[in-house]
Amino acid sequence: MPAITLKILLVEDNSMAQTIALRILRSLDYQVDLVENGLEAIEALRQKHYDVVLTDVQMPQMGGLEMARHICQEWSLEERPYIIALTSEVMLDIREECLQAGMNECISKPLDIGTLIELLKKVRI
Numbered sequence: 004m005p006a007i008t009l010k011i012l013l014v015e016d017n018s019m020a021q022t023i024a025l026r027i028l029r030s031l032d033y034q035v036d037l038v039e040n041g042l043e044a045i046e047a048l049r050q051k052h053y054d055v056v057l058t059d060v061q062m063p064q065m066g067g068l069e070m071a072r073h074i075c076q077e078w079s080l081e082e083r084p085y086i087i088a089l090t091s092e093v094m095l096d097i098r099e100e101c102l103q104a105g106m107n108e109c110i111s112k113p114l115d116i117g118t119l120i121e122l123l124k125k126v127r128i
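Structure follows, in structure tokens:
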């Protein structure tokens, strides 16, 4: 069980990736809500505070990069959640794109539990 129970918003459009990520996060006793695109994520963030947004980069309607830019415009640095990109991209510059869009971290799929745990330890609430 984590020392601090983080509230995590999972933003993922692929049902298999959703199932895997939800299973991992819930097994670690995190509180997790799921939405399927960036537009739904923005609306969820307006309704409830989340400590972390764990997001796919490529999604329909609004992808992770555009969503991160929107979050950075709408919420102050103190109010905004810690944003972690999940990507299956093999491009070397995707991490830089994610950071420039306002994300805090970028990790590759398939999701590695150890890497995820280390990233979530960095989150300050």
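Going by my numbering, the first residue of the sequence shown is number 4, and it counts up by one from there. Cβ atoms here follow ideal geometry from the backbone N, Cα and C, with glycine treated the same way.
- Residue 11 places its beta carbon 7 Å or farther from that of residue 38.
- If you ignore the 5 residues before and after residue 13, its C-beta comes within less than 6 Å of the C-beta of 24, 35, 37, 57, all in its own chain and listed in chain order.
- The residue among 55, 109, 69, 70 with its C-alpha nearest the C-alpha of residue 81 is 55.
- Proximity of the segment 68–83 to the segment 15–32 falls short of the contact definition, fewer than three beta-carbon pairs being nearer than 8 Å.
- In terms of Cα proximity to residue 78, the closest of 52, 65, 22 is 52.
- By the neighbour-count definition (other C-beta atoms within 10 Å, threshold 16), residue 59 is a buried residue.
- Bounds of the beta strand (DSSP E) holding residue 108 are 108–111.
- The residue among 97, 112, 102 with its C-alpha nearest the C-alpha of residue 85 is 102.
- Just so you know, the alpha carbons of residue 98 and residue 109 end up roughly 6 Å apart.
- DSSP places residue 88 in the uninterrupted beta strand (DSSP E) bounded by 85–90.
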